[in-house]
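Quick note on this note's numbering: the sequence shown kicks off at 80 and runs consecutively. The beta carbon of each residue, even a glycine, is placed where N, CA and C say it ideally should be.
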Amino acid sequence: MENINQTILLQKRMDRAKESPLFYRVFALATAGLVLDASDIYLASATNTVITATKFATISQSSEFLSAGFLGLFLGSILAGFLGDALGRNKIYSINLLVFGFFTFMAGFAPNIAILTYLRFGASLGLGAEIVTGFALINEFAPVLHRGRWAGGASVIGNLGSPLGLLFCTLLIPQFGWRSVYFVIGSLALILWLVRLHNFPESPRWLLTKGRQQEAATLIGNMEVNGTYSTEEHQQTGKVVVTSLKRGLFVGIIAAAVTTVAQYTFTSWVPTLLVKQGVDLPHSLWFSTVMMLGAPVGAVLGTLLVERAGRRKTIVTGFLLTAIFGIIYAYQTSSIMAMLIGFLLTVCLYAMNASILSVYVPELFQTKFRFRGEGLAAGTGKMLTILMPFAVVWTLTELSSAFIFYGMAAITVLGALIVGIFGPETKQHPVE
Numbered sequence: 080m081e082n083i084n085q086t087i088l089l090q091k092r093m094d095r096a097k098e099s100p101l102f103y104r105v106f107a108l109a110t111a112g113l114v115l116d117a118s119d120i121y122l123a124s125a126t127n128t129v130i131t132a133t134k135f136a137t138i139s140q141s142s143e144f145l146s147a148g149f150l151g152l153f154l155g156s157i158l159a160g161f162l163g164d165a166l167g168r169n170k171i172y173s174i175n176l177l178v179f180g181f182f183t184f185m186a187g188f189a190p191n192i193a194i195l196t197y198l199r200f201g202a203s204l205g206l207g208a209e210i211v212t213g214f215a216l217i218n219e220f221a222p223v224l225h226r227g228r229w230a231g232g233a234s235v236i237g238n239l240g241s242p243l244g245l246l247f248c249t250l251l252i253p254q255f256g257w258r259s260v261y262f263v264i265g266s267l268a269l270i271l272w273l274v275r276l277h278n279f280p281e282s283p284r285w286l287l288t289k290g291r292q293q294e295a296a297t298l299i300g301n302m303e304v305n306g307t308y309s310t311e312e313h314q315q316t317g318k319v320v321v322t323s324l325k326r327g328l329f330v331g332i333i334a335a336a337v338t339t340v341a342q343y344t345f346t347s348w349v350p351t352l353l354v355k356q357g358v359d360l361p362h363s364l365w366f367s368t369v370m371m372l373g374a375p376v377g378a379v380l381g382t383l384l385v386e387r388a389g390r391r392k393t394i395v396t397g398f399l400l401t402a403i404f405g406i407i408y409a410y411q412t413s414s415i416m417a418m419l420i421g422f423l424l425t426v427c428l429y430a431m432n433a434s435i436l437s438v439y440v441p442e443l444f445q446t447k448f449r450f451r452g453e454g455l456a457a458g459t460g461k462m463l464t465i466l467m468p469f470a471v472v473w474t475l476t477e478l479s480s481a482f483i484f485y486g487m488a489a490i491t492v493l494g495a496l497i498v499g500i501f502g503p504e505t506k507q508h509p510v511e
């Protein structure tokens, strides 16, 4: 009983601790990894466009290339969830960037599409783990009062990697070929891995679930060096939200899967779709880069709204707007209008990314199974995206690109209904 009371006391101290140098270090190192994560999807997108256009791969082989990446993300998310809960956040976090950086760098040497596909799978294993651990760790270290702000802020900074990744591709690929981008991104990931190797602490919340109170108390003491939020301020965070595992998985899996499939469908194929509409490759990459400026804008909006309006209202509204802009985009014939509507669609997609993957999903689960819950939610979305490239190819071949956006609209409306009806509101509530 004494141990239980001590654990509760330590949890309350951690909830009230103001932002400290330790928290800022965790935030900086985690968001740096998320920047690489956001840039990677456009690395794959641009590569897919180039290797198809230059006959390095057929459109069928390029679909296998994209699907191998999604399969790696799925398996990496699941493995990170179970290993992170069982062995500790720090251990899994110390190897995922090594795996991602090594395989990404080696992909620059790939002699053919088969080898490139295998290396893409290996890199995505590490990246899938990065996605799960990054947001969950910020969620576990942030003070409850400002948890949504910090988790959403991580998404804002992380999603700067979206236009940055496309800018790298736009500047480097025409001059030096697609391999150059793999060398750059791989090198950056390995450098960050070295920096993070001995500078990232274990999560005190995880230590408490394992009965390691003394270690947790030491870290919590470091988190309190700037003081704590007053009891009066902390009272506005409301009662503890305890969502059942089944409900958390149901809502979390649907919300994460919908936003992941919609985002990856649009962002992975938009340069290729523009080329099919008659836009040449360099202009396609520039148009895509402008559209992707909507990523950090959307992440900022999502962060502000999720903290002020609440999680459910923001997510439901965002899903419905995504459906509307997707349908409008399907009927654009002007490249400029396609770029403008694509920008607005990207804003909606990344507002959902910031609201759901970085804030809402981690809040649906208790510490003892948070990584597993988030891993399963994120992993299911990645699993569905494994089939997405084949569905897109079939749609482009048998129907038209408009049907891609009809499908996106249908699933985002479904997501709005599920979150609106079954999703708990977790704004500023402790989630232990």
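Cβ neighbours of residue i in the same chain (closer than 7 Å, five flanking residues each side left out)
{"i": "Val340", "result": "Gly460, Leu463, Thr464, Met467 and Ile490"}
{"i": "Leu89", "result": "Leu287, Gln292, Ala295, Ala296 and Ile299"}
{"i": "Arg391", "result": "Val498, Gly499, Gly502 and Glu504"}
{"i": "Gly180", "result": "Gly265, Ala268, Leu269 and Trp272"}
{"i": "Gln342", "result": "Leu428 and Asn432"}
Integer-rounded CB distance, given that residue j should sit under 8 Å from residue i
{"i": "Leu271", "j": "Ser118", "result": "With 8 Å as the limit, Leu271 and Ser118 do not qualify as a contact, their Cβ atoms being about 12 Å apart."}
{"i": "Phe184", "j": "Phe262", "result": "6 Å"}
{"i": "Phe200", "j": "Gly151", "result": "4 Å"}
{"i": "Ala109", "j": "Leu158", "result": "Actually they do not touch by this definition, with Cβ atoms about 19 Å apart."}
{"i": "Phe144", "j": "Ile192", "result": "6 Å"}
{"i": "Ile130", "j": "Ala136", "result": "4 Å"}
{"i": "Ala202", "j": "Phe182", "result": "4 Å"}
{"i": "Leu198", "j": "Ala186", "result": "4 Å"}
6 Å CB neighbourhood of residue i in its chain, flanking five on each side removed
{"i": "His313", "result": "Here the model assigns His313 a pLDDT of 48, short of 50, so the residue's position is not dependable and the matter cannot be decided."}
{"i": "Phe398", "result": "Thr491, Gly494 and Ala495"}
{"i": "Ala433", "result": "Gly231, Ser234, Ala378, Gly381 and Thr382"}
{"i": "Leu372", "result": "Pro242"}
{"i": "Val376", "result": "Val426"}
{"i": "Ala336", "result": "Thr459, Gly460 and Leu463"}
{"i": "Gly237", "result": "Thr110, Leu113, Val114 and Ala117"}
{"i": "Asn84", "result": "none"}
{"i": "Leu384", "result": "Thr393"}
Sequence-distant residues of the same chain with beta carbon closer than 8 Å to residue i, five excluded per side
{"i": "Ser479", "result": "none"}
{"i": "Ala215", "result": "Gly163, Arg168, Pro441, Arg449, Phe450 and Glu453"}
{"i": "Glu303", "result": "Arg92, Ala96, Lys97 and Ser99"}
{"i": "Leu276", "result": "Ser173"}
{"i": "Ala481", "result": "Ala409 and Tyr410"}
Candidates the options: closest to residue i by CA position
{"i": "Leu239", "options": "Leu384, Leu113 and Leu455", "result": "Leu113"}
{"i": "Ile483", "options": "Ala136, Tyr410 and Val304", "result": "Tyr410"}
{"i": "Ile435", "options": "Thr212, Gly381 and Ala147", "result": "Gly381"}
{"i": "Leu154", "options": "Gly256, Asn175 and Val129", "result": "Asn175"}
{"i": "Gly213", "options": "Ala402, Gly405 and Pro280", "result": "Pro280"}
{"i": "Ala516", "options": "Val129, Ala268 and Ala202", "result": "The requested residue 516 does not occur in the structure, where the chain is confined to residues 80 to 511."}
{"i": "Arg92", "options": "Ala221, Ala402, Thr346 and Glu477", "result": "Ala221"}
{"i": "Thr86", "options": "Val376, Gly306, Gly290 and Ser282", "result": "Gly290"}
{"i": "Phe329", "options": "Thr396, Ala457 and Leu245", "result": "Ala457"}
{"i": "Val211", "options": "Arg387, Asp116, Val385 and Asn84", "result": "Asp116"}
{"i": "Leu455", "options": "Val274, Ala334 and Gly227", "result": "Ala334"}
{"i": "Gly205", "options": "Ala186, Tyr172 and Arg226", "result": "Tyr172"}
{"i": "Ser139", "options": "Lys170, Thr196, Gln342 and Ser99", "result": "Thr196"}
{"i": "Trp285", "options": "Ser156, Gly148 and Lys170", "result": "Lys170"}
{"i": "Arg387", "options": "Val274, Asn84 and Arg228", "result": "Arg228"}
{"i": "Thr128", "options": "Ile194, Lys325, Thr249 and Phe149", "result": "Thr249"}
{"i": "Glu219", "options": "Gln445, Tyr485 and Ala481", "result": "Gln445"}
{"i": "Ile403", "options": "Tyr485, Asn84 and Leu166", "result": "Tyr485"}
{"i": "Thr133", "options": "Ile217, Pro253 and Ser282", "result": "Pro253"}
For residue i: DSSP bridge partner residues
{"i": "Thr131", "result": "Paired residue(s): none; Thr131 is not in a bridge."}
{"i": "Ala268", "result": "Bridge partners of Ala268: none, in fact."}
{"i": "Thr307", "result": "Ala96"}
Beta-carbon proximity check, residue i vs residue j, cutoff 8 Å
{"i": "Tyr408", "j": "Ile420", "result": "yes"}
{"i": "Leu101", "j": "Asn301", "result": "yes"}
{"i": "Ser234", "j": "Ala378", "result": "yes"}
{"i": "Ala107", "j": "Ser437", "result": "no"}
{"i": "Met431", "j": "Thr401", "result": "yes"}
{"i": "Lys97", "j": "Tyr308", "result": "yes"}
{"i": "Thr338", "j": "Ala374", "result": "no"}
{"i": "Arg104", "j": "Asn278", "result": "yes"}
{"i": "Thr346", "j": "Val471", "result": "no"}
{"i": "Met487", "j": "Gly405", "result": "yes"}
{"i": "Ser146", "j": "Phe469", "result": "yes"}
{"i": "Leu246", "j": "Val260", "result": "no"}
{"i": "Trp257", "j": "Thr126", "result": "yes"}
Residue i at chain C interface by Cβ criterion, 8 Å
{"i": "Gly207", "result": "No chain C appears in the structure shown, which is made up of a single protein chain."}
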